[in-house]
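Chemist: Have a look at the structure that comes next, please.
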């Protein structure tokens, strides 16, 4: 059997996985918004609501584990949310530019 603290840590790991997936999808939707009539922006807004709920759950669990408010903010925002989101945005921008460059070279073979 796990202790309550160990259960809380396992729950935090689960929430971090959901948080990562949400941040990844939001970054993808910002870089690739889809065409006119796309539902991706609406799904992104729903994902943002889920993301806020997950962050609140993580905050509550960390308070139960005895973390202070200031350290929780530093851990969640500075240690996970901001770096993951910014790195994912950068990844999708680089990926999109490489795909655009590849498609431009294929469209205009005389530029080689």
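Residue numbers (the numbering used here): 1393 to 1504.
Ideal Cβ positions, reconstructed from N, Cα and C, are used throughout, including at glycine.
Is the beta carbon of residue 1484 closer than 8 Å to that of residue 1423?
Modeler: Counted from its first residue, the chain shown places residue 1423 at position 31. Counted from its first residue, the chain shown places residue 1484 at position 92. Their beta carbons are under 8 Å apart, which means residue 1423 touches residue 1484 by this criterion.
Chemist: When the Cα of residue 1396 is compared with those of 1475, 1469, 1430 and 1458, which residue comes out closest?
Modeler: Within the chain shown, residue 1396 is the residue found at index 4, counting from 1. Among 1475, 1469, 1430 and 1458, the Cα nearest to that of residue 1396 belongs to 1458.
Chemist: Kindly list the residues whose CB is nearer than 7 Å to the CB of residue 1440, restricted to its own chain and excluding five residues on each side of it in sequence; keep chain order.
Modeler: Locating residue 1440 in the chain shown gives position 48, counting from the first residue. Correct list, in chain order: 1418.
Chemist: Expressed to the nearest angstrom, what Euclidean distance is found between the alpha-carbon atoms of residue 1456 and residue 1445?
Modeler: Looking up residue 1456 in the chain shown gives position 64. Looking up residue 1445 in the chain shown gives position 53. Answer to the nearest angstrom: the Cα atoms are 17 Å apart.
Chemist: For residue 1473, which residues of its own chain have a beta-carbon under 8 Å away from its beta-carbon, when the five flanking residues on both sides are left out?
Modeler: Position 81 of the chain shown holds residue 1473. Same-chain partners within the cutoff: 1411, 1415 and 1447.
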